[in-house]
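Q: The structure's right below; bear with me while I get my questions together.
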Amino acid sequence: MTLRLRLGLAAAGAVAVAVSAVTVASWLFTRQQLADQLDSNLQSVQAQRGYVEWLLSLCGSEMPEDTGQRNETPTPYVVQVITADGTVCADPGNKEVEVDESDLAVARGVLTSALHDAASDGGQRMRVSTTRPTMRRELSGQYAVSIAQSLSAVDKPLDSLALFLLGFAGVGVLGAATAGVGISRAGLRPVEDLTDAAEHIARTQDLTVRIPADGNDEIARLSKSFNDMTEALATSRERQQQLIADAGHELRTPLTSLRANIQLLIRSHSSGREIPATAMHELLRSVESQVGELATLIADLQELSRPDVTPHETSLHVVALHEVARRAMERVKLRGNELEFNSDLDEWYVLSEHSALERAVVNLLDNAVKFSPAGGTVSLRLSDGQLVVRDQGPGIAADELPHVFDRFWRSPTARSLPGSGLGLAIVAKTVQQAGGTVALRPAGSQGTEAVVRIPGTRKPPSASEPACAGPVAGA
């Protein structure tokens, strides 16, 4: 069963319940009103005294002959007299109505009146009103007069009303079902468009499909979310394809050099012509360098292939950033013998992955070492959560700054230098996962500054505080 049909049936069911409740309530109210009106009419009718005395004469009472006369009460009513011993005095032309105990109680003077349903001899349902007679004083306590009317005066209008209400309810339910299906069709049109788009994407892998998302209702929000999702998927696939293409391009150069060197070694061995010792030494150093470059590139690619997560989605630990920076400085000093290093590190504790954060700082320092001239200075400062790495290199052009953290991007002036073009991309990813930011900026008249800001605190958290609950509050 389709959602459209289910909504239509649900609307029809809701209307059916509402209409049924109103129909039953209307019918019951009308029945009560008609019954009350019938009782009121019966209680207001008074049988003529002469007719009552004539009915008594039919029961053998010694009544004056000149008082007997035929029934002159309105035709809808049946009049009969009930004596205290249960004798019924009725007009031979009318059907006798059964006597209730309350009628006898009225005749004996126990009750002043009675009102009840009864049946006539012919089985017709009647409404009976019984009162004490207003005749001679000596007879008034021994008789009661019952005036009855057929309940068809109530049943027939109620039957007609029931048929009308049933027909009206049926039309209402049918109309509600039709309207529900029509409204659901119009309301679910955006959902159908969304379904068609999803099926098209699953069938064709085309992530450029977009759905119109007008308004601020739930359907519009769903459409916007779907568009954002497809856009994110398209961007992710594009980045993946770009990463594969860039990785292939970067791997091609060391692999080509490595292949040429190995082919040279193979030809030397197969021909029996030995390579001079100096040339062999240089060739082996080149092979070693190319293998190291491949290993570094593969490690960088593995680091970048890890899924991007937020600080709340990974298990982070409290890390002393000043200690990490100090160890990173010691490691880099071994590779920059011709440079001067100085540092000024204040205590700062952050939530991050220790090894990833140290690698990020090492990458920044390596970048500074790479571009600093011989005899230059590389400085490292940490104050109030801001880590600054400064070099004395040629600097970066303003139009190149927006691209420095892109994967495999290298400045035209740096393409001849060793590196994979992934170092700063790894730095950006690590800092973002720690909830911080990183940027490069000119350092005065000469050099470049890498500025890292990570939220944290000057003092380590106490042992009772959780170490992986989220970003550390700023100082």
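Quick note, the sequence shown lines up with residues 1 to 475 if you use UniProt numbering.
C-beta atoms are modelled at their ideal positions from N, C-alpha and C, and glycine is treated no differently.
(1) Assuming residue 436 and residue 461 form a contact by the criterion Cβ under 8 Å, report the distance between their Cβ atoms to the nearest whole angstrom.
(2) Can you check which of these residues, 96, 82 and 192, is closest to residue 2 by C-alpha distance?
(3) With a threshold of 16 other CB atoms inside 10 Å of the CB of residue 103, please say whether the residue is buried or exposed.
(4) Do residue 319 and residue 354 have their C-beta atoms within less than 8 Å of each other?
(5) When you compare each of 270, 261, 344 and 276 to residue 289 by their alpha carbons, which one comes out closest?
(6) For residue 42 versus residue 127, is the C-beta distance shorter than 8 Å?
(7) Go through the region 420-455 residue by residue and report every complete run of the alpha helix (DSSP H) that reaches 4 residues or more, in order.
(8) Just the Cα atoms here: how many angstroms apart are residue 38 and residue 114?
(9) Run the CB neighbour count on residue 313, radius 10 Å, all protein chains shown included, and call it buried at 16 or more, exposed below.
(10) Under the rule that 16 or more other beta-carbon atoms within 10 Å means buried, what is residue 218, buried or exposed?
(11) Check whether the Cβ atoms of residue 325 and residue 380 lie closer than 8 Å to each other.
(12) How many Å lie between residue 406 and residue 5 at the Cα?
(13) Would the region 179-190 and the region 11-30 be scored as touching if the rule is three or more Cβ pairs under 8 Å?
(14) Whose C-beta lies closer than 7 Å to the C-beta of residue 453 among residues of the same chain, with five residues either side of it excluded?
(15) Note down the Cα distance separating residue 480 from residue 209, rounded to an integer number of angstroms.
(16) Per DSSP, what kind of secondary structure is residue 45 in: helix, strand or coil?
(17) Between the region 117-132 and the region 141-149, do three or more beta carbon pairs fall short of 8 Å?
(18) Nearest-angstrom Cα distance between residue 335 and residue 429?
(19) Mind checking residue 342: buried by the 16 CB within 10 Å criterion, or exposed?
(20) Measuring straight from C-alpha to C-alpha, what distance separates residue 559 and residue 431?
(21) Which residue wins for smallest C-alpha separation from residue 26, given the options 82, 132, 129 and 169?
(22) Going by beta-carbon coordinates alone, are residue 338 and residue 375 separated by less than 8 Å?
(23) To the nearest angstrom, how far is the alpha carbon of residue 154 from that of residue 56?
(24) Can you tell me which of 174, 259 and 7 puts its alpha carbon nearest to the alpha carbon of residue 187?
(25) Residue 446 to residue 316, Cα distance in whole Å?
(26) Between the Cα of residue 206 and the Cα atoms of 214, 213, 197 and 58, which residue gives the shortest distance?
(27) Quick check on the DSSP output: the alpha helix (DSSP H) that includes residue 194 runs from which residue to which?
(28) Taking the continuous alpha helix (DSSP H) assigned at residue 382, which residues delimit it?
(29) List the endpoints of the continuous alpha helix (DSSP H) containing residue 127.
(30) State the Cα-Cα distance for the pair residue 79 and residue 28, rounded to the nearest angstrom.
(31) Excluding the 5 residues preceding and the 5 following residue 321 in the sequence, name in chain order all residues of the same chain whose CB lies nearer than 6 Å to its CB.
(32) If you count every other CB in all the chains shown that lies within 10 Å of the CB of residue 458, and 16 or more means buried, which is it?
(33) Rounded to the nearest angstrom, how far is the Cβ of residue 132 from that of residue 106, given a contact under 8 Å?
(34) What's the C-alpha gap between residue 378 and residue 449?
(35) Can you list, in chain order, the residues of its chain whose CB lies under 8 Å from that of residue 81, leaving out five sequence neighbours each side?
(36) If I measure Cβ to Cβ from residue 16 and keep anything under 6 Å in the same chain, skipping five residues before and after, which residues do I get?
A: Working from what's here:
(1) For the purposes of this step, residue 436 is taken as residue 436 along the sequence shown, with counting starting at 1. For the purposes of this step, residue 461 is taken as residue 461 along the sequence shown, with counting starting at 1. Between residue 436 and residue 461, the beta carbon gap of about 18 Å keeps them out of contact (Cβ cut-off 8 Å).
(2) For the purposes of this step, residue 2 is identified with residue 2 of the sequence shown, where counting begins at 1. Comparing Cα positions, the closest option is 192.
(3) Mapped onto the sequence shown, residue 103 falls at position 103. Buried is the call here.
(4) By 1-based counting over the sequence shown, the position of residue 319 is 319. By 1-based counting over the sequence shown, the position of residue 354 is 354. The answer is yes: Cβ separation under 8 Å.
(5) As a first step, residue 289 is located in the sequence shown; it is residue number 289 there, counting from the start. For the set 270, 261, 344 and 276, the Cα lying nearest the Cα of residue 289 is the one of 261.
(6) Taking the first residue of the sequence shown as 1, we reach residue 42 at position 42. Taking the first residue of the sequence shown as 1, we reach residue 127 at position 127. Yes, they are a contact pair.
(7) 423-433, all fully within the region 420-455.
(8) The sequence position of residue 38 within the sequence shown is 38, counting from 1. The sequence position of residue 114 within the sequence shown is 114, counting from 1. Each residue's Cα considered, the two are about 14 Å apart.
(9) On the sequence shown, residue 313 is found 313 positions in, with the first residue counted as 1. Interpretation of residue 313 is limited by its pLDDT of 48, a score under 50 that renders its predicted location unreliable; the figure taken from the coordinates is listed afterwards. With fewer than 16 other Cβ atoms from the protein chains shown falling within 10 Å of its own Cβ, residue 313 counts as exposed.
(10) The residue given as residue 218 occupies position 218 in the sequence shown. Answer is exposed; the Cβ neighbour count stays below 16.
(11) For the purposes of this step, residue 325 is identified with residue 325 of the sequence shown, where counting begins at 1. For the purposes of this step, residue 380 is identified with residue 380 of the sequence shown, where counting begins at 1. Residue 380 sits close to residue 325, with the two beta carbons spaced by under 8 Å.
(12) The sequence position of residue 406 within the sequence shown is 406, counting from 1. The sequence position of residue 5 within the sequence shown is 5, counting from 1. Approximately 52 Å, taken between the alpha carbons.
(13) With contact defined as three or more Cβ pairs closer than 8 Å, the region 179-190 and the region 11-30 are in contact.
(14) Counting from one through the sequence shown, the residue named residue 453 turns up at place 453. Excluding five sequence positions before and after residue 453, the CB atoms of its chain that fall closer than 7 Å to its own CB belong to 385, 386, 436 and 437, given in chain order.
(15) The structure shown does not extend to residue 480, since the chain is modelled only from 1 through 475, so no value can be given for it.
(16) As a working note, residue 45 is residue 45 in the sequence shown. Residue 45: coil per DSSP, three-state reduction.
(17) These segments touch.
(18) Here the question's residue 335 lines up with position 335 in the sequence shown. Here the question's residue 429 lines up with position 429 in the sequence shown. Roughly 24 Å between the two C-alpha positions.
(19) By 1-based counting over the sequence shown, the position of residue 342 is 342. Exposed is the call here.
(20) Outside the displayed span of the chain (1 to 475) sits residue 559, for which this structure offers no information.
(21) In the sequence shown, residue 26 corresponds to position 26, counting from 1. Among 82, 132, 129 and 169, the Cα nearest to that of residue 26 belongs to 169.
(22) Counting from 1 along the sequence shown, the entry for residue 338 is found at position 338. Counting from 1 along the sequence shown, the entry for residue 375 is found at position 375. Yes. Within cutoff.
(23) Numbered from its first residue, the sequence shown carries residue 154 at position 154. Numbered from its first residue, the sequence shown carries residue 56 at position 56. C-alpha separation (whole angstroms): 31 Å.
(24) Counting from 1 along the sequence shown, the entry for residue 187 is found at position 187. The shortest Cα separation from residue 187 among 174, 259 and 7 belongs to 7.
(25) Looking up residue 446 in the sequence shown gives position 446. Looking up residue 316 in the sequence shown gives position 316. A direct Cα-Cα distance of roughly 37 Å separates residue 446 from residue 316.
(26) What you label residue 206 is simply residue 206 of the sequence shown in a count that begins at 1. Out of 214, 213, 197 and 58, 197 has the C-alpha closest to the C-alpha of residue 206.
(27) Within the sequence shown, the letter at position 194 stands for residue 194. Under the DSSP assignment, residue 194 falls in the alpha helix (DSSP H) whose first and last residues are 189-204.
(28) Here residue 382 refers to the residue found at position 382 when the sequence shown is read from its first residue. Where residue 382 is concerned, there is no enclosing alpha helix (DSSP H), although the beta strand (DSSP E) it sits in stretches over 377-383.
(29) Within the sequence shown, residue 127 is the residue found at index 127, counting from 1. No alpha helix (DSSP H) contains residue 127, which is instead part of the beta strand (DSSP E) from 125-131.
(30) Within the sequence shown, residue 79 is the residue found at index 79, counting from 1. Within the sequence shown, residue 28 is the residue found at index 28, counting from 1. So the two alpha carbons sit approximately 29 Å from each other.
(31) As a position in the sequence shown, residue 321 is number 321, starting the count at 1. Within its own chain, the residues whose Cβ lies closer than 6 Å to the Cβ of residue 321, once the five positions on either side in sequence are excluded, are 348 and 350, listed in chain order.
(32) As a working mapping, residue 458 is identified with position 458 in the sequence shown. Per the 10 Å Cβ criterion, exposed.
(33) What you label residue 132 is simply residue 132 of the sequence shown in a count that begins at 1. What you label residue 106 is simply residue 106 of the sequence shown in a count that begins at 1. Residue 132 to residue 106, Cβ: 6 Å. Contact.
(34) Counting from one through the sequence shown, the residue named residue 378 turns up at place 378. Counting from one through the sequence shown, the residue named residue 449 turns up at place 449. Each residue's alpha carbon lies about 10 Å from the other.
(35) Taking the sequence shown and counting its residues from 1, the one referred to as residue 81 is at position 81. The beta carbon of residue 81 is closer than 8 Å to those of 52, 55, 56, 59, 88, 89, 90, 133, 143, 144, 145 and 146 in its chain, skipping five residues each way along the sequence.
(36) On the sequence shown, residue 16 is found 16 positions in, with the first residue counted as 1. So the qualifying residues of the chain are 173.
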